[in-house]
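The opening residue of the sequence shown carries number 136 in my numbering; numbering runs sequentially from there. Think of the CB as a built atom: it goes at the ideal place given N, C-alpha and C, for glycine as much as any other residue. Every value quoted in this text rests on a predicted model; they were computed, and no experiment measured them. Beneath this line is the structure, given in structure tokens, with notes to follow.
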Amino acid sequence: TLPTASMCADTSVETEVRLSLPFVEADPAEEISPRSARNLETVNYATVEAWKSLRIERLKVNYLPSSLSLFPGTQLDIILEVLAYLHPLELSQLSRTNKAFRELLASPIADPIWRHSLLVDDHPENTTLQLPQCPAGISGQRWTRVLFGRLKCEQCGKLGTSDYILCRRICPLCADQNLLDVIPEYEEAHVHDPAPASDDVNWDSERGRFWRSDADVVVAEYERLSTGDDSAVAISSFIEARKKSLADRCNEWYWAVRHTSSMEYSKKLDKVSIRAAKRLVAEGFDQRDVNSSFYDINDCELFYRKPRLTSKLWNRARPFIVPSVLAARTQRLKHERELRIQARKQAILGHAITKLQAAVPGVRHGYHLPPHTIANFPPLAQLIEEDCEDSISASR
């Protein structure tokens, strides 16, 4: 008889399972980080977008979930079959529900489930958005953490980014402390070829730098291959090509997700901004002032990631938007006044030139003053330079 889910929580069964099916690389005890205060600098927006699209797809299914009261008594093979249909993010959420699921998903028998979950969100219409597959050297749960984990260093907990060549999330300081320029006692280039080498920290190195544990694995594999007939150089080149290809694929996936989401959010932000502009016009603001301050409206932080403009959101954002519209109105009125003053000056000068250059009766060859002389005539110059936009009478 196969063990049930409740039996998986038993310590003896778990110990036996771990001894019979060890990981290729053991996961750390804190594989799933505990709940903590949210730090926006550590938010992995690829995870945010993946989880959002996943929830939208799940909500399209129009049926009520049945009771899960029989689930604890279900046989283990059936449970694993059900888990095989879940997304990696759903497996991570499930592992946080209780101790039994945490131990089950952390056990070696669940590693194929984690690896298969990367094929669930396949995106057949866009291969760039397909999840990068788990490499052979690490567990599926750890690879899920590399892709979707928070932007925190695995060593010190500070802000750090994913290095898809080293398959670790590391900060520059810890990387500099743990990376090696050369593998000790192995100066030959062909020994360094199969080691995953990162060039994110040391840009001057031609071959990059190696993580200590990765170097140990490579040395052990090299020693094993050196005793056989196979060519270690060919195998090393193949492994290195696979590693770099995987890293390029991961970076392409990450930025494709970010680009797709940024385009969607840009469209939503434009819709919210247009709604806000219509509200300002309805309140009596001039359409020209609203159009001039549209970029400021679009830059309002309160509109970021908001799907629509509600009354509550508008009441919060209005105090930040109205000053921009008022500043645009002040600038417009100032510009319009300058145009009126300039038109007044041109009208005064033109009228004076017309009067002074009019033909004099009885004079055949009259002399007419040039325009610049007329403009410099003190009374007329004083009248032209007046900072006034009022109309002027012909008597003046």
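What is the DSSP secondary structure of Pro514, reduced to helix, strand or coil?
helix
In whole angstroms, give me the CA-to-CA distance for Trp249 and Phe438.
37 Å
What residue does the alpha helix (DSSP H) around Ile488 start on, and which one ends it?
Ser446 to Leu491
Please name the residue in Arg453, Cys288 and Pro247 whose C-alpha comes closest to that of Ser274.
Pro247
For Asp424, is the classification buried or exposed, using 16 other Cβ atoms within 10 angstroms of its Cβ as the cut-off for buried?
buried
Assign Val178 to one of two classes, buried (16 or more other C-beta atoms within 10 Å of its C-beta) or exposed (fewer than that).
exposed
Quick check on Arg190: does DSSP put it in helix, strand or coil?
helix
Output yes or no for whether 9 Å exceeds the beta carbon distance between Leu266 and Leu282.
yes
Kindly give me the distance between the Cβ atoms of Ile456 and Cys435, rounded to whole angstroms, as I take these residues to be in contact under 8 Å.
6 Å
In the structure shown, what three-state DSSP assignment does Lys441 receive?
coil
Whole-number beta carbon distance between Pro207 and Leu253, since they are thought to touch under 8 Å
That belief does not hold up - the Cβ atoms of Leu253 and Pro207 are roughly 27 Å apart, past 8 Å.
State the Cα-Cα distance for the pair Ser518 and Ile476, rounded to the nearest angstrom.
Strictly speaking, residue 518 in this sequence is Leu, with Ser absent from that position. Answer to the nearest angstrom: the Cα atoms are 12 Å apart.
Put Arg280 into one of helix, strand or coil per three-state DSSP.
helix
How many angstroms separate the CA atom of Leu415 from the CA atom of Asn511?
48 Å
Tell me which same chain residues have a C-beta within less than 8 Å of the C-beta of Arg464, skipping the five on either side of it?
Phe420, Asp421 and Asp424
Arg277 classed as buried or exposed, judged by whether at least 16 other C-beta atoms fall within 10 angstroms
buried
For the alpha helix (DSSP H) containing Arg231, list its first residue and its last residue.
Element bounds for Arg231: n/a, residue is neither H nor E.
Own chain residues within Cβ distance below 7 Å of Leu137, not counting five before or after
Only weak support exists for where Leu137 lies, its pLDDT of 36 falling under 50; the coordinates are left without a value.
Taking 8 Å as the threshold, find out whether the region 471-485 comes into contact with the region 441-454 through three or more Cβ pairs.
no
When the distance is taken between beta carbons, is Tyr400 closer than 9 Å to Ala181?
no
Would you call Lys287 buried or exposed, if buried means 16 or more other Cβ atoms sit within 10 Å of its Cβ?
buried
Between the alpha carbons of Asn433 and Leu504, how many angstroms are there, rounded?
56 Å
Rounded to the nearest angstrom, what separates Arg308 and Trp186 at their Cα positions?
Note on identity: in this sequence residue 308 is Leu, with Arg being the wrong assignment. Distance between the alpha carbons of Leu308 and Trp186 is about 31 Å.
Under the assumption that Glu184 contacts Ser396 (Cβ atoms under 8 Å), give the Cβ distance between them as a whole number of angstroms.
4 Å
When burial is assigned at 16 or more other CB atoms within 10 Å of the CB, is Leu468 buried or exposed?
exposed
Run through DSSP, which three-state label would Leu294 get?
strand
Using DSSP with H/G/I as helix, E/B as strand and the rest coil, what is Gln422?
helix
Put Arg250 into one of helix, strand or coil per three-state DSSP.
helix
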